Each structure stands twice: as C-alpha cells, then as structure tokens.
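Here the structure comes first, spelled out in structure tokens, and everything after it is commentary.
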Amino acid sequence: MQSLPASLVLIAALAVIAPLAVRLLDPVLKVPIVVFEIVLGMLLGPSLLGWIESTPFTDTLADFGLAMLFFVAGNEIDFTAIRGRPIKRASTGWIISLAAGIGAGFLLAPAPEGAVIIGVALCSTALGTLLPIIRDAGESTSPTGIAVAALGAVGEFGPLIAISLFFTGKQVGAASAVLLGFVFLTGVAIFYASRARHTLFHAQVTRTLHTSSQFAMRSIMLILSSLVVLSMVLGLDMLLGAFAAGVLWQVIISRAPEADRRVIETKIDAVAFGFLVPIFFIDTGIDFDLGALTSSVAALALVPLFLVLLLFIRGLPSLIAAPVGSTRADKTALLLFGATGLPIIVAVTTIGREHGFITSGMSSALVGAGMLSVLLFPLLALRQLQRKESRTVHAPRPHDDSPPPPRPTHDGGLPPSDAAPTGG
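For the sequence shown, the working numbering begins at 6 and goes up steadily by one.
Right under this line is the structure:
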C-alpha cells in the first residue's frame with residue numbers, strides 16, 4: 006500500500022472525498038476544505054493508518070501545488086483596490102508582527118535562527134487560503150474584504166522576503182543584493198508588460214481558448230516556471246518567484262476581453278484547486294509528524310500557545326488596517342482573518358527543521374497551530390460578518406406616528422424635485 010501507484014490513487018481519492026465532506030458538514034459547520042485535506046492526509050499517512058507515504062514524485066507535485074497557490078494569490082490581488090491606505094496600514098501592522106514574533110521566538114528558541122523561523126511563521130497570513138473563502142462568502146469587494154486582501158498580500162510577500170534574506174545560505178548583505186536584483190528584474194518585466202497592449206498575444210489567447218492549443222495556460226506555465234527557476238537559481242525561495250509570476254500574469258492579461266479573462270480564471274482555478282493545491286495540503290498531512298507532537302507534553306502544549314500567539318502577534322496588529330467606520334464585528338473578523346496562517350508556516354518550518362534550527366516537535370506544533378487557525382479563525386470571522394448582516398437586515402425601524410410625506414410628482418419628462426416652489 007506504500008507504493009507509488011497506491012499512493013497516487015489514494016491521494017486522488019482523498020481529493021474527491023474532501024469536498025464531499027465539506028458539503029456533508031456544511032449545514033452544521035462551515036469548515037474550509039484545506040482542513041479536511043490535511044486531516045485526511047494525516048489519517049491515511051504514516052502518523053496513523055500508514056496507508057500512504059510521501060514519494061519523490063508526490064513531493065514534487067506538492068511543490069507545484071504550493072507554487073500554484075502563491076501564483077493564484079499574486080494573480081488575484083487587486084492592487085488598485087488595496088493601494089494607498091489599506092496597503093500602508095497593513096504593512097505597518099506586519100512590521101509590528103515581525104518584531105513581536107521574533108521577540109517571542111527568542112523566548113522559545115534562544116538561537117537567532119530559530120527565533121527568526123518562529124517570528125516569520127507567526128507574522129504570516131494565508132492569503133491563498135483566505136481568498137477563496139472571502140470570494141465564496143461574497144466579501145471580496147467589501148471594505149473588510151479589501152482590508153483582508155491587503156493584510157494577506159503583505160502577510161505572504163513579507164515573510165517570503167524574510168525567508169529569502171535570512172535562509173538562503175548567503176550573508177544578509179549578499180542576500181539583499183540578490184533579492185534586489187530579482188525584484189528589479191521582475192519589476193522591469195511588470196513595467197514593460199503594463200505598458201504594452203499585447204494585441205497579438207490576446208488574439209492568440211482568444212483563438213485558442215477553447216482548442217487543444219490552450220495558449221493562455223501554456224503561457225502561464227512558462228511564466229510560472231521561469232520565475233520560480235530564476236528565484237531558485239539566485240538562491241531565493243521559489244515561492245517568491247511564484248508570487249511574482251501571478252502578479253506579472255495579472256498585468257499581461259488585464260487588457261484582454263473580459264469574457265476571455267473569466268474563462269482563463271476558471272481554467273486557473275481548475276488546475277490549481279482541482280489538481281495541484283489539494284495535493285500540497287494532503288501531502289502536508291501525510292508528512293505531519295504527529296508522533297513528535299504527541300510524544301512530548303511540552304511540544305503538545307506549544308500548539309495552543311502558538312495559536313494564541315497568532316492572535317496577539319498577527320491578529321492584533323492587523324486591526325491597524327481596519328477600514329474607516331468599521332464596526333466591532335468588522336474588527337473582530339479582521340483580527341481573525343489576519344491571524345490565519347498555514348502555507349508560509351509549513352514552508353518556513355520545513356526549512357527550520359531540515360537545517361536543525363528548530364526541533365521536529367516545535368515544527369509540528371507550529372504547523373498544528375496553523376491548521377487550527379485555518380479551521381477556527383475564518384469560520385469565526387465569517388460568523389461575525391453574518392451576524393452583522395443579520396442585525397442590519399432585521400434592525401427595527403424607529404417608531405414614528407407622523408403621517409408619511411407626500412409623494413413627489415412631476416410633469417412630463419421632467420425629473421421630480423424636492424425643492425419647495427418659489428414665487429416668481
């Protein structure tokens with residue numbers, strides 16, 4: 006049962022079972038699908054039943070899934086919506102989170118490398134996980150949804166910068182120079198892509214949109230692989246390249262016909278959330294070291310501690326990005342959304358564990374806290390927003406015994422006027 010064919014079939018089966026479980030539980034409890042994917046991977050993985058084990062092939066697919074998750078995050082960020090106040094305040098909150106996270110890291114892991122690992126993990130926000138949840142809830146264009154997008158953009162891009170600076174094996178100065186070089190090259194590409202009209206490119210996309218050529222999807226794979234490989238060649242984290250690829254594709258395709266863009270977005274969702282991303286989350290569950298977590302009382306106690314730290318270190322500073330006029334429910338939802346983290350936590354703890362910066366138990370505790378944050382925080386945040394909407398819809402109107410005002414009238418095609426008539 007631990008051979009590659011069996012593992013592939015079981016992973017595919019779990020990817021099908023997860024959405025069915027979501028639908029079955031939906032009337033009682035709204036649980037993000039990624040939670041089911043991770044838990045099912047743990048259930049059938051070496052930690053429990055032992056029916057599935059990771060193989061080099063499934064690990065490679067999982068890496069593609071993680072890269073695709075960050076590509077989608079970069080592609081879906083509406084920079085025109087979050088620019089200005091939202092992104093500035095979100096950035097300020099993230100810097101506070103990073104400083105507080107590293108401070109907490111020094112208390113839990115005195116070595117500087119371990120402290121930075123913990124700090125980066127605790128200052129992350131799972132934008133790629135939150136965007137589908139926000140979109141499905143119809144909050145994408147609301148002030149709270151825009152604030153969440155700003156928090157997520159900074160909460161994913163910021164940790165990627167930190168990972169590239171501190172964990173590339175280079176001195177910070179050399180790593181900074183390499184990072185600036187990558188940002189410069191990517192910025193040049195985005196600048197020229199935004200200036201060009203891409204008429205021939207869009208025409209080719211339209212011609213092949215419903216044929217086997219699929220020029221748009223092939224172009225996406227080329228851009229994604231090119232920037233991922235470039236980031237790896239420069240010694241940076243591959244997720245930085247994946248995120249930049251999503252931003253670049255958004256710029257390239259922005260002037261295409263709207264109908265074509267909708268079809269392409271559907272295809273991206275199909276490849277990402279129908280194929281690659283579930284493999285990443287299932288593989289995360291398979292690789293989860295439950296034994297290292299349960300064998301130590303101290304490691305097990307770290308899970309609720311890290312969950313609380315996510316709320317205080319990442320959630321509270323997220324309130325800085327609260328829109329003007331936010332209600333208490335809006336702010337509570339924003340705190341919970343901001344404290345939701347998992348993909349960056351998985352990535353950075355993997356680096357820390359492989360290099361010996363943190364123990365396997367601490368790594369599992371951080372991932373466990375991230376899993377709980379994905380399970381609990383978006384659910385509680387959505388309930389806050391739903392209660393707010395319910396109170397708005399069912400709010401009693403003030404009692405008024407005065408007769409209703411007369412309805413305005415108008416003559417012919419002239420618009421009605423509320424102005425009192427004046428003598429002429």
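Every residue gets a Cβ at the ideal spot worked out from N, C-alpha and C, and that includes glycine. Just so it is clear, the structure is predicted and the values come from calculations on it, not from any experiment.
- Only residues of its own chain outside the window of five on either side were considered, and among them F41 have a CB closer than 6 Å to the CB of A26, listed in chain order.
- A straight-line Cα-Cα distance of about 23 Å links V193 and V210.
- The alpha-carbon separation between D64 and L156 amounts to approximately 29 Å.
- With a threshold of 16 other beta carbon atoms within 10 Å, G366 meets it and is buried.
- The shortest C-alpha to C-alpha distance from I258 to any of G296, I269, L127 is the one to I269.
- Your pair V233 and A247 checks out as a contact, with CB atoms roughly 6 Å apart and the cut at 8 Å.
- For E118, the enclosing alpha helix (DSSP H) has its first and last residue at 117-127.
- Annotated three-state conformation of K336 is helix, per DSSP.
- Annotation for R90: the continuous alpha helix (DSSP H) segment containing it runs 90-113.
- Comparing alpha-carbon positions, the option among I16, P91, G119 lying closest to I325 turns out to be P91.
- Annotated three-state conformation of K35 is coil, per DSSP.
- As the crow flies, the alpha-carbon of L281 is around 19 Å from that of D242.
- In this structure, the alpha-carbon of A120 lies about 11 Å from that of T354.
- With distances taken between CA atoms, V308 lies nearest to L371 out of L132, S301, G361, L371.
- With contacts defined by Cβ atoms closer than 9 Å, A142 and L387 form a contacting pair.
- Distance from the CA atom of A131 to the CA atom of G70, rounded to whole angstroms, is 15 Å.
- In the assembly as shown, R319 is a buried residue. Its beta-carbon has 16 or more other beta-carbons within 10 Å.
- Taking the Cβ atoms as the reference, I43 lies roughly 15 Å from L15, outside the contact range of under 8 Å.
- According to the DSSP assignment, V276 belongs to the alpha helix (DSSP H) that extends over 263-276.
- Contact annotation, A167 with L103: C-beta distance approximately 7 Å; criterion of less than 8 Å satisfied.
- Here A261 has H207, V210 as same chain residues with Cβ atoms under 7 Å from its own Cβ, once five neighbours each way along the sequence are excluded.
- Going by C-alpha positions, L127 is about 9 Å away from G375.
- Per the Cβ contact rule, the stretch 82-91 is not in contact with the stretch 285-292 (fewer than 3 Cβ pairs under 8 Å).
- Within its own chain, no residue has a Cβ closer than 6 Å to the Cβ of L13 once the five positions on either side in sequence are excluded.
- Along the length of the stretch 301-366, whole alpha helix (DSSP H) runs at least 4 residues long occupy 302-314, 333-343, 348-359, reported in chain order.
- Approximately 6 Å separates the beta-carbon atoms of L244 and A352; this is inside 8 Å, confirming the contact.
- If you draw a straight line from the Cα of P115 to the Cα of G108, it comes to about 10 Å.
- One alpha carbon belongs to V159, the other to R212, and they sit about 37 Å apart.
- Approximately 5 Å separates the beta-carbon atoms of P383 and I138; this is inside 8 Å, confirming the contact.
- Straight-line spacing of the CA atoms in L49 and L295 works out to 12 Å.
- If you check the CB distance, A249 and S230 do not come in under 9 Å.
- Under the three-state reduction of DSSP, H215 is assigned to coil, being neither helix nor strand.
- DSSP, reduced to helix, strand and coil, places L241 outside both helices and strands of the structure shown, so it counts as coil.
- A distance below 8 Å between beta-carbons, with the five flanking residues on each side excluded, links I22 to the following residues of its chain, in chain order: F41, L45.
- In the DSSP assignment, A72 falls within the unbroken alpha helix (DSSP H) covering 61-81.
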